[in-house]
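Asks: Structure incoming, see below.
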Amino acid sequence: MYLDQKEKEAIFTKHGKGAKDTGSAEGQIALFTYRINHLTEHLKNNRKDFNTERSLVKLVGKRRALLDYLTKKDILRYRAIVKELGLRK
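The numbering used here numbers the first residue of the sequence shown as 108 and each following residue consecutively.
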């Protein structure tokens, strides 16, 4: 599998408060970004995989909702995570 437990812990350690802090918005946004990048690469090779395309759209929507939440809650945390992950906005 492309995303094992060690990689998840590394993502949450880097972007969250710790390896076990899976609920923070920053950690979830980072995990969604990792998964979005993986699915994007998959779709470059498999253009007609519409189920994966649907999953990608849903993930982007979830990440957008978390980013909107973070914007309302704490704009400094939002700016930090966007800069750290290299997101467009």
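Backbone N, C-alpha and C fix where the C-beta goes; we use that ideal spot for every residue, glycine too.
If you run the structure through DSSP and keep just helix, strand and coil, what is Ala126?
Replies: Ala126 falls in the coil class under three-state DSSP.
Asks: If I measure Cβ to Cβ from Lys169 and keep anything under 7 Å in the same chain, skipping five residues before and after, which residues do I get?
Replies: Phe139, listed in sequence order.
Asks: Which same chain residues end up closer than 7 Å to Arg184 when comparing Cβ atoms and leaving out the 5 residues on each side of it in sequence?
Replies: Here the set comprises Glu133, Leu177.
Asks: Report the rounded CA-to-CA distance for Glu120 versus Lys165, giving the unit in angstroms.
Replies: In the sequence as presented, Glu is not what sits at residue 120; that position holds Thr. Whole-angstrom Cα-Cα distance: 25 Å.
Asks: Expressed to the nearest angstrom, what Euclidean distance is found between the alpha-carbon atoms of Arg154 and Glu148?
Replies: Rounded to the nearest angstrom, the two C-alpha atoms are 10 Å apart.
Asks: Determine the extent of the alpha helix (DSSP H) in which Ile168 is found, giving its start and end residues.
Replies: Correcting the residue type first, residue 168 is Gly in the shown sequence and not Ile. Looking at the DSSP string, the run of the alpha helix (DSSP H) that includes Gly168 is 157-180.
Asks: Does DSSP put Asn153 in a helix, in a strand, or in coil?
Replies: If DSSP states are grouped into helix, strand and coil, Asn153 belongs with coil.
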